[in-house]
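Visitor: In the working numbering, the protein residues as written are 224 to 451.
By construction, the Cβ of each residue, glycine as well, lies at the ideal position given by its N, Cα and C atoms.
All values reported here derive from a predicted model rather than from experimental measurement.
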Ligand SMILES: Nc1ncnc2c1ncn2[C@@H]1O[C@H](COP(=O)(O)OP(=O)(O)O)[C@@H](O)[C@H]1O
Ligand SMILES: [Mg+2]
């Protein structure tokens, strides 16, 4: 199993009390799966995703990512595992403004210490994969929302990370652009074998995945294969 989570809980202190957000989540996700996490607003989807993406740690419970005990890692260890294994895509694209698509895609490789020439070559290839090579010198404000999200996806795949986490990636896009983005995720999964874990509250979007996990009030409510 690529992801093995057992009885994960997350709570925050609130006025001397404990606010329980995740109440004991257990799940397994294999390499190459395409999973959608659904649930109402405030149910804990992003909290779970941030833990799975090694951006945050649970209050209790265990998390093994590709056999690594994530709870034992310090900040450097978490950063390292994110660099090597994980790409993120967010609702708001999170691109640097006044910076070209190419430079935005190169950024994770700057952190990873990859030499400039290799960075450029890989960034161009990643932009080509998302169909944006012709726009590589454009800045975010010169691109449509869908194109900006494709730049963000190129940035997520450029390190050849095997896992992509996407939190409401179509939340700021109209339905046509949303379908384009979902087609792209489907290709990354089916053709390039990337594991994709995508948070959405839209049924239409979740149906692109092969498996839908529903979270309600910090607990898994259902976990089902998508019948296509
Ligand atoms: N850092 C935090 N401190 C306190 N409460 C938080 C924090 N982060 C999230 N929460 C609360 O946890 C709940 C779940 O949030 P979240 O995981 O973002 O939900 P979702 O992504 O499903 O909308 C919300 O009620 C939110 O207010
Ligand atoms: Mg959220």
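Any chance you could list the residues with Cβ under 6 Å from a heavy atom of ligand 1, keeping chain order?
Guide: Answer in sequence order: 235, 242, 244, 262, 264, 265, 266, 267, 268, 269, 270.
Visitor: Restricting to runs no shorter than 4 residues, where is the alpha helix (DSSP H) found entirely within the stretch 295-357?
Guide: Listed in chain order, they are 298-308, 324-334, 339-352.
Visitor: What is the rounded straight-line gap between the Cα of residue 232 and the Cα of residue 251?
Guide: Approximately 16 Å between the Cα atoms of the pair.
Visitor: For residue 447, list the residues DSSP reports as bridge partners.
Guide: In the DSSP output, where bridge partners are listed per residue, residue 447 has 435.
Visitor: Starting from the C-beta of residue 266, find all residues in its chain whose C-beta is less than 8 Å away, skip the five residues before and the five after it, and write them out in chain order.
Guide: Cβ neighbours of residue 266 beyond the five flanking positions: 438, 439, 440, 441.
Visitor: Which whole-angstrom value is the C-beta distance of residue 389 and residue 422, which I expect to be below 8 Å?
Guide: Indeed they touch by this definition, with Cβ atoms about 7 Å apart.
Visitor: Restricting to Cα atoms, I'd like to know which of 349, 325, 307, 337 is closest to residue 361.
Guide: Nearest of 349, 325, 307, 337 to residue 361, Cα basis: 325.
Visitor: Helix, strand or coil, according to DSSP, for residue 363 in the structure here?
Guide: Residue 363: helix per DSSP, three-state reduction.
Visitor: Would you call the stretch 400-410 in contact with the stretch 313-327, where contact means no fewer than 3 C-beta pairs closer than 8 Å?
Guide: Flag = no, the stretch 400-410 and the stretch 313-327 do not touch.
Visitor: Report all residues from its chain with a CB closer than 6 Å to the CB of residue 304; omit the five preceding and five following residues, and keep chain order.
Guide: Excluding positions up to five away in sequence, the list reads 277.
Visitor: Given a cut-off of 8 Å, decide if residue 293 and residue 331 are closer than it, judged by their beta-carbon atoms.
Guide: The answer is no: Cβ separation not under 8 Å.
Visitor: Report all residues from its chain with a CB closer than 6 Å to the CB of residue 377; omit the five preceding and five following residues, and keep chain order.
Guide: So the list reads 328, 349, 350, 353, once near-sequence residues are dropped.
Visitor: Cα-Cα, which of 446, 451, 424 is closest to residue 261?
Guide: For the residues 446, 451, 424, the minimum Cα distance to residue 261 belongs to 424.
Visitor: Does the distance from the C-beta atom of residue 234 to that of residue 241 stay below 8 Å?
Guide: Yes, Cβ-Cβ distance for residue 234 and residue 241 is below 8 Å.
Visitor: Does DSSP put residue 384 in a helix, in a strand, or in coil?
Guide: Here residue 384 sits in coil by DSSP.
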